[in-house]
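Numbering (this note's numbering), first residue to last: 43 to 218.
Note that beta-carbon positions come from the ideal geometry of N, C-alpha and C, so glycine has one too.
Beneath this line is the structure, given in structure tokens, with notes to follow.
Take a look at the structure:
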């Protein structure tokens with residue numbers, strides 16, 4: 043039997059492959075670079091994308107503690123616990139003032155979230171996907187499967203942004 047989340051797994055798998063390829067060879071300075079003061083850095087996009095995925099899968103769908111809190115990632119990022127702070131609504135000034143941790147920490151949190159999502163998707167149950175949950179920007183509860191779709195769209199959008207910025211900074215070869 044095919045998992046009800048097989049399509050999501052395939053989409054996210056391709057996205058993560060693209061992101062992993064784009065992150066290759068980038069150092070701390072590259073990750074922190076912003077094309078202008080109105081844009082996000084690769085580090086900020088990677089953090090935001092990982093925070094959204096962590097919160098959707100762990101807090102909302104599985105109703106467990108986010109890795110951000112459970113494993114102390116907030117401390118490694120030098121940030122408050124902020125279980126609902128995923129960067130949504132941040133101003134350009136807030137993004138500009140944000141200081142990401144070193145590359146190894148960024149990649150480790152991204153990897154931990156990726157691992158948790160990959161572990162969840164093949165065993166997701168119909169009951170979990172049908173349960174009604176809330177997730178911004180829609181105030182009313184809706185099926186977790188819908189929120190999972192929104193999360194997937196968001197992750198793929200951000201993956202493309204990361205790959206684009208790598209190409210912008212380094213030229214062709216941003217993805218093998």
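It is roughly 43 Å from the alpha-carbon of residue 183 to the alpha-carbon of residue 214. Per DSSP, reduced to three states, the secondary structure at residue 132 is coil, with no helix or strand assignment. For residue 44, the three-state secondary structure derived from DSSP is coil. For residue 185, the pairing in a beta bridge is given by DSSP as 174. Contact check for residue 51 against residue 164 passes: the beta carbons are separated by less than 8 Å. The alpha-carbon separation between residue 75 and residue 169 amounts to approximately 43 Å. Distance check between residue 191 and each of 143, 103, 135 places 103 closest, using alpha-carbon atoms only.
In the three-state reduction of the DSSP assignment, residue 180 falls in the strand class, which pools E and B. Straight-line measurement puts the Cα of residue 95 at about 7 Å from the Cα of residue 159. Judged by DSSP in its simplified three-state form, residue 83 adopts coil rather than helix or strand. Taking all protein chains in view, the Cβ of residue 180 is surrounded by fewer than 16 other Cβ atoms within 10 Å, so the residue is classified as exposed.
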